[in-house]
Amino acid sequence: MNTLRIAGGQVLRPDATVEDADVLVDRDEGTILDIGADLDADETLDAEGCLVTPGLVNAHCHVAMTLLRGYADDKPLDAWLREDIWPAEAALTPEDVRVGAELGLVEMIKSGTTAFADMYFHVPEVAAAVDEAGLRARLGHGVVTLGKDDEDARADIDESLDVAREFDGAADGRIRTAAMPHSLTTVAEDYLREFVADAHAEDIPVHYHANETTDEVDPIVDERGERPLSYAKELGMLTADDFLAHGVHVDDAEIDLLADAGTGVVHCPASNMKLASGMAPVQKLLDAGVTVGLGTDGAASNNDLDMFDEMRDAAMLGKLAADDASAVAAGDVVRMATAGSADAIDLPGGALEVGGAADLAVVDLDAPHLTPANDLVSHLAYAARGSDVRHTVCDGRVLMRDREVLTLDEDAVMARASEAVASLRERV
Ligand SMILES: [Zn+2]
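All the letters of the sequence shown, read from the start, carry residue numbers 16 to 443 under my numbering.
(1) Would DSSP call M252 helix, strand or coil?
(2) What residue does the alpha helix (DSSP H) around R442 start on, and which one ends it?
(3) Suppose only complete runs of 3+ residues qualify. What are the beta strand (DSSP E) ranges in the segment 92–153, listed by chain order?
(4) Please state whether DSSP places R418 in a helix, a strand or coil.
(5) Here's a check: name, in chain order, each residue in its chain whose Cβ is nearer than 8 Å to the Cβ of V443, leaving out the five neighbours to either side.
(6) Taking the alpha carbon of L83 as the point to measure from, which residue in E231, A315 and D205 has its own alpha carbon closest?
(7) Is any heavy atom of ligand 1 found at a distance shorter than 7 Å from the C-beta of G313?
(8) Classify S316 as helix, strand or coil using the three-state DSSP reduction.
(9) Would DSSP call R412 helix, strand or coil?
(10) Just the Cα atoms here: how many angstroms apart are A143 and V392?
(11) Looking at V67: is its Cβ nearer than 8 Å to the Cβ of A352?
(12) Starting from N73, follow the beta strand (DSSP E) in both directions and report where the run begins and ends.
(13) Should H224 be counted as a contact of ligand 1 given a C-beta to heavy atom distance under 7 Å?
(14) Does ligand 1 have even one heavy atom less than 7 Å from the beta-carbon of H75?
(15) Our contact map puts A216 next to H261 with C-beta atoms below 8 Å; I'd like the distance itself, whole angstroms only.
(16) One question on the structure: do A56 and T108 come within less than 8 Å of each other, judged by their Cβ atoms?
(17) Hey, D37 and D53: beta-carbon distance below 8 Å or not?
(18) Counting along the chain, where does the beta strand (DSSP E) carrying A13 start and finish?
(19) How would you write the range of the beta strand (DSSP E) that T46 sits in, first residue to last?
(20) Are three or more beta carbon pairs between the segment 333–345 and the segment 360–376 nearer than 8 Å?
(21) Within 10 Å of its beta-carbon, does M415 have 16 or more other beta-carbons around it, so buried, or fewer, so exposed?
(22) Which complete alpha helix (DSSP H) runs does the segment 322–351 hold, if anything under 4 residues is left out?
(23) Heavy atom of ligand 1 less than 7 Å from the Cβ of A216, yes or no?
(24) Flag A291 as yes when its Cβ comes closer than 7 Å to any non-hydrogen atom of ligand 1, and as no otherwise.
(25) Run the CB neighbour count on L367, radius 10 Å, all protein chains shown included, and call it buried at 16 or more, exposed below.
(26) Taking the straight line between their C-alpha atoms, what separation do you get for D361 and D93?
(27) Using three-state DSSP, classify A36 as helix, strand or coil.
(28) Between which two residues does the alpha helix (DSSP H) carrying H215 extend?
(29) I think K299 touches I270, with their Cβ atoms under 8 Å apart; what is that distance to the nearest whole Å?
(30) Cβ of A260 versus every heavy atom of ligand 1: is any distance shorter than 7 Å?
(31) Put R400 into one of helix, strand or coil per three-state DSSP.
(32) By Cβ distance, which residues of its chain are closer than 6 Å to E231, with the 5 residues on each side in sequence left out?
(33) My output table needs one value for V232: the three-state DSSP class, helix, strand or coil.
(34) In the DSSP assignment, find the unbroken alpha helix (DSSP H) run with V178 in it and report its ends.
(35) Going by alpha carbons, who is nearest to H156 out of S198, L118 and K125?
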């Protein structure tokens with residue numbers, strides 16, 4: 016057996032307690048063998064003065080959008096998509112998506128993220144980048160039928176189902192897939208109904224954007240006389256396997272529907288604030304027993320993929336939304352960014368426990384902004400930054416050691432990404 020010891024740190028356990036312990040990892044199986052004192056191993060990662068946490072799980076992303084970071088800001092969602100983002104995305108080549116994905120994956124590894132869910136296009140390129148980078152992912156091809164003729168709409172749906180079939184289990188099982196209609200308003204009803212039924216017939220989960228802005232909710236209410244999530248339920252896309260992003264404008268009946276169905280909701284607070292989409296009722300969702308994960312959304316609406324930022328944003332915005340400073344507490348957001356996200360997107364990880372996935376981040380506590388160590392869960396939620404992560408491990412493999420990314424060439428990826436965008440700007 017080939018073992019790795021994460022030695023001398025404090026370990027965050029699933030019950031939110033912290034204990035002084037080593038973590039012993041079986042690198043062949045990618046699992047945690049033991050959590051305890053003075054464990055022996057083939058290789059050691061020093062975690063002295065550090066907090067060992069589950070790897071963070073970014074449950075909703077469009078990773079290759081790192082290329083559009085800062086490309087267009089300060090506009091409402093609809094105008095931003097139509098005037099800036101969609102025209103730029105239409106010009107992205109498969110090679111662009113590959114380097115954009117690699118850039119995002121370097122950023123994730125450097126900020127302690129070990130798993131993510133991603134909706135984009137040229138998915139084979141994203142999958143190849145994930146395979147090389149060493150993370151886990153649930154990937155899918157996003158479908159829009161709005162403005163397309165029947166042939167193009169069907170081709171888009173077929174591509175989404177094809178990549179979901181082809182890449183499920185890729186990268187030694189680290190990649191899983193989903194069918195991904197973009198949203199309830201950008202895919203027409205007939206297509207949506209057929210698409211979801213076809214996906215579920217093959218046990219492929221469905222991931223989509225829902226109730227993100229009032230502009231997306233009102234047309235459904237006006238045309239159908241029902242709320243979007245009641246429509247989603249009728250379409251069969253509100254099951255325990257499915258998960259949706261945003262859920263900002265959900266009423267109490269929709270929260271009950273989510274809780275009853277077991278459908279995961281991925282909260283994306285930075286994107287919701289930046290696009291002025293609104294404040295998700297996160298405390299209400301938690302109180303109702305809804306599985307809530309946390310995601311950055313794409314880098315163009317965030318503008319980074321740092322899940323530590325996202326935890327702080329979630330706590331702050333959740334309190335404002337509830338008008339209650341005790342709402343969405345530090346422990347809640349840490350749970351959302353780890354176990355909640357892993358549950359929502361149904362990937363291993365999210366907790367440090369014997370027998371569980373060896374997906375973890377080692378956070379260096381030796382920093383002025385993390386001193387004194389009054390409460391390490393509070394520090395994770397409110398004070399730590401992605402750049403405090405010293406080592407990142409996924410599936411038992413060290414992806415970053417002492418801030419050096421081992422699976423991708425960080426400098427080369429940044430240079431290629433800058434070149435790709437210079438060329439994109441000339442084309443658009
Ligand atoms: Zn999104």
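Each residue gets a CB set at the ideal place from its N, CA and C atoms; glycine is no exception.
Short version:
(1) The residue you call residue 252 lines up with position 237 of the sequence shown. Three-state DSSP puts M252 in coil, outside helix and strand.
(2) In the sequence shown, the residue the question calls residue 442 occupies position 427. Note, R442: alpha helix (DSSP H), E425 to R442.
(3) 128–135
(4) Stepping through the sequence shown from its first residue, residue 418 is reached at position 403. DSSP places R418 in coil when its eight states are reduced to three.
(5) Walking along the sequence shown from the start, residue 443 turns up at place 428. Counting only Cβ-Cβ distances below 8 Å, and skipping sequence neighbours, we find P102, A103 and A106.
(6) Position 68 of the sequence shown holds residue 83. Ranking E231, A315 and D205 by Cα distance to L83 puts A315 first.
(7) Here the question's residue 313 lines up with position 298 in the sequence shown. For ligand 1, at least one heavy atom lies less than 7 Å from the Cβ of G313.
(8) On the sequence shown, position 301 is the one that residue 316 refers to. Helix.
(9) Translated into positions along the sequence shown, residue 412 becomes position 397. Here R412 sits in strand by DSSP.
(10) The residue you call residue 143 lines up with position 128 of the sequence shown. The residue you call residue 392 lines up with position 377 of the sequence shown. Their Cα atoms are separated by approximately 35 Å.
(11) Locating residue 67 in the sequence shown gives position 52, counting from the first residue. Locating residue 352 in the sequence shown gives position 337, counting from the first residue. No. Outside cutoff.
(12) Along the sequence shown, one-based indexing puts residue 73 at 58. Element bounds for N73: L71 to C76.
(13) Here residue 224 corresponds to residue number 209 of the sequence shown, with the count starting at 1. Under cutoff, so the answer is yes.
(14) Here the question's residue 75 lines up with position 60 in the sequence shown. For ligand 1, at least one heavy atom lies less than 7 Å from the Cβ of H75.
(15) In the sequence shown, the residue the question calls residue 216 occupies position 201. In the sequence shown, the residue the question calls residue 261 occupies position 246. Incorrect: roughly 27 Å between the Cβ atoms, too far for contact.
(16) Taking the first residue of the sequence shown as 1, we reach residue 56 at position 41. Taking the first residue of the sequence shown as 1, we reach residue 108 at position 93. Not a contact, by the Cβ cut-off of 8 Å.
(17) Along the sequence shown, read from residue 1 onward, the residue named residue 37 stands at position 22. Along the sequence shown, read from residue 1 onward, the residue named residue 53 stands at position 38. In contact: D37 and D53 (Cβ atoms closer than 8 Å).
(18) Absent from the model: residue 13. The displayed extent of the chain is 16 to 443, so no value can be given.
(19) Numbered from its first residue, the sequence shown carries residue 46 at position 31. Looking at the DSSP string, the run of the beta strand (DSSP E) that includes T46 is T46 to G51.
(20) no
(21) Sequence index remark: in the sequence shown, residue 415 carries index 400 (1-based). Classification of M415: buried, given that the 10 Å Cβ count is 16 or more.
(22) 322–337 and 345–350
(23) In the sequence shown, counting from the first residue as 1, residue 216 sits at position 201. Not under cutoff, so the answer is no.
(24) Position 276 of the sequence shown, counting from 1, holds the residue named residue 291. A291 Cβ: outside cutoff for every heavy atom of ligand 1.
(25) In the sequence shown, residue 367 corresponds to position 352, counting from 1. Counting Cβ neighbours within 10 Å, L367 comes out buried, since at least 16 surround it.
(26) Here residue 361 refers to the residue found at position 346 of the sequence shown. Here residue 93 refers to the residue found at position 78 of the sequence shown. One C-alpha to the other measures close to 30 Å.
(27) If you number the sequence shown from 1, residue 36 lands on position 21. Of the three classes helix, strand and coil, the one that applies to A36 here is strand, per DSSP.
(28) Translated into positions along the sequence shown, residue 215 becomes position 200. First-last of the alpha helix (DSSP H) with H215: E204 to A216.
(29) The residue given as residue 299 occupies position 284 in the sequence shown. The residue given as residue 270 occupies position 255 in the sequence shown. About 6 Å separates the two Cβ atoms, so the contact holds.
(30) Looking up residue 260 in the sequence shown gives position 245. Yes, the beta carbon of A260 sits closer than 7 Å to at least one heavy atom of ligand 1.
(31) Stepping through the sequence shown from its first residue, residue 400 is reached at position 385. DSSP places R400 in coil when its eight states are reduced to three.
(32) On the sequence shown, position 216 is the one that residue 231 refers to. The answer, listed in chain order, is T200.
(33) Sequence index remark: in the sequence shown, residue 232 carries index 217 (1-based). Reduced to three states, the DSSP call for V232 is helix.
(34) Here residue 178 is taken as the residue at index 163 of the sequence shown, counted from 1. Segment D165 to F182, the alpha helix (DSSP H) holding V178.
(35) Along the sequence shown, read from residue 1 onward, the residue named residue 156 stands at position 141. Taking only the C-alpha atoms, the option nearest H156 is S198.
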